[in-house]
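Residue numbers (full-length UniProt numbering): 1 to 65. Cβ coordinates follow ideal geometry from the N, Cα and C atoms, glycine included.
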Ligand SMILES: [Zn+2]
């Protein structure tokens with residue numbers, strides 16, 4: 001594989017990785033609850049969440065980082 005081909009492949013991979021899927025939990029809050037229930041709170045969810053007006057105080061502040 002040539003250098004150019006490698007660069008194109010890397011570009012393709014990085015572009016593909018930007019295609020995010022929607023989180024099956026819907027909103028961040030529901031996603032957070034799901035992670036808490038499964039004891040995976042430390043795990044960050046990178047999927048797209050539906051936007052919804054939520055209370056200012058949540059237990060999911062780590063999602064905003
Ligand atoms: Zn999620």
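Residue 115 to residue 45, Cα distance in whole Å?
Outside the shown range of the chain (1 to 65) lies residue 115, about which nothing can therefore be said.
Would you kindly check if the distance between the Cβ of residue 31 and the Cβ of residue 49 is under 8 Å?
When the beta-carbon positions are compared, residue 49 and residue 31 come within less than 8 Å of each other.
Specify the secondary structure class of residue 45 as computed by DSSP and reduced to three states.
Secondary structure of residue 45 (DSSP, three-state): coil.
Shell residues, 6 Å Cβ cut-off relative to heavy atoms of ligand 1
23, 25, 31, 45, 47 and 49
Tell me which same chain residues have a C-beta within less than 7 Å of the C-beta of residue 22, skipping the five on either side of it?
47 and 48
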